[in-house]
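The structure appears right after this line, and notes come after that.
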Amino acid sequence: MTAETILPTDVAILDLLRKRETMTVAELSSALDVTATAVRQRLSRLLAQGYLQRSATKAGRGRPSHHYALSSKGRRKTGANFADLAVALWQEIRAIRDPEVRRGLLQRLAQRLAVQYADDVQGSSLEERMESVARLFNERRVPFAVDRSGELPVLTALACPYPELAEQDRSICSLERLLFNEVLGANVRLTNCRLDGASCCTFESS
Numbered sequence: 000m001t002a003e004t005i006l007p008t009d010v011a012i013l014d015l016l017r018k019r020e021t022m023t024v025a026e027l028s029s030a031l032d033v034t035a036t037a038v039r040q041r042l043s044r045l046l047a048q049g050y051l052q053r054s055a056t057k058a059g060r061g062r063p064s065h066h067y068a069l070s071s072k073g074r075r076k077t078g079a080n081f082a083d084l085a086v087a088l089w090q091e092i093r094a095i096r097d098p099e100v101r102r103g104l105l106q107r108l109a110q111r112l113a114v115q116y117a118d119d120v121q122g123s124s125l126e127e128r129m130e131s132v133a134r135l136f137n138e139r140r141v142p143f144a145v146d147r148s149g150e151l152p153v154l155t156a157l158a159c160p161y162p163e164l165a166e167q168d169r170s171i172c173s174l175e176r177l178l179f180n181e182v183l184g185a186n187v188r189l190t191n192c193r194l195d196g197a198s199c200c201t202f203e204s205s
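Residue numbers (numbering that gives the first Met the number 0): 0 to 205.
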């Protein structure tokens, strides 16, 4: 488990704060029907991961009351379900008849995604950058791994990051390859694909 992994027990807190915006330990304890100590442990983890922010409100002479809310990172994490929108946008891309225009758009999309992922993909070697990509997708609950058994590392997707899109149009695989070209700083090729019956998708340096 990485430092960015959200435990299943912590998801409920994020869901509540997504709906209520701000809550105290007492309010969370009551809503979740768990002890305040358990809530504080979960809050400490989420604060350390940057998913929450805490503010203090002082009333009278007593101790300040702490309120917890989602940080911008937390809002991105909990609001990442845009499947319907993604499918609709992809259908519009498929409707573009000019192949050059379509390829240019895919390249720009890959570059835009690469910019968003840039801070999370680190390393001086191809293997280190592949490890960063694998961690990035694993944090998004999409299992990735790096196979080091050969002369060069192989980035392996154990599940498709875009299953609904891939079922409609396998050119999503081209977008994924272009994205990996950008974030890895190397040209890669799709050597195995689940859509062709393989057990996983693999990307190797070309």
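Ideal Cβ positions, reconstructed from N, Cα and C, are used throughout, including at glycine. As the structure is a computational prediction, the values presented were derived from the model and not from experiment.
(request) State the DSSP-derived secondary structure class of alanine 68, mapped to helix, strand or coil. (result) Shown here, alanine 68 sits in a strand according to DSSP, grouped into three states.
(message) Let's see if you can read the secondary structure: which residues bound the alpha helix (DSSP H) around valine 114?
(response) 98-116 is the span of the alpha helix (DSSP H), which, as asked, contains valine 114.
(request) Take arginine 53 and list the residues in its own chain whose beta-carbon comes closer than 6 angstroms to its own, dropping the five residues that flank it on each side. (result) Result list for arginine 53: His65 and Tyr67, in chain order.
(request) Can you give me the Cβ contacts of asparagine 191 inside the same chain, cut-off strictly under 7 angstroms, excluding the 5 residues immediately before and after it? (result) Here the set comprises Ala197, Cys199, Cys200 and Thr201.
(message) Tell me the residue span of the alpha helix (DSSP H) that contains threonine 8.
(response) For threonine 8, the enclosing alpha helix (DSSP H) begins and ends at 7-19.
(message) Which complete alpha helix (DSSP H) runs does the region 106-191 hold, if anything under 4 residues is left out?
(response) The qualifying runs are 125-138, 162-167 and 171-183.
(message) At the level of alpha carbons, what is the spacing between arginine 101 and leucine 31?
(response) If you draw a straight line from the Cα of arginine 101 to the Cα of leucine 31, it is about 48 angstroms long.
(message) Under 8 angstroms, with one C-beta from each stretch per pair, do the region 164-175 and the region 116-130 reach the 3-pair mark?
(response) Taking a cut-off of 8 angstroms on C-beta distances, the region 164-175 does not touch the region 116-130, as fewer than three cross pairs fall below it.
(message) DSSP three-state label for alanine 55, please.
(response) Correct three-state label for alanine 55: strand.
(message) Just to confirm my understanding: we take alanine 35, look at its own chain, exclude 5 residues before and 5 after, and list those with CB closer than 6 angstroms. What are they?
(response) Non-local beta-carbon contacts of alanine 35 in its own chain, meaning distances under 6 angstroms to residues more than five positions away in sequence, involve Val24 and Ser28 in chain order.
(message) Suppose you measure from the CA of glycine 184 to the CA of leucine 135; what does that come to, to the nearest Å?
(response) Taking the straight line from one Cα to the other gives about 16 angstroms.
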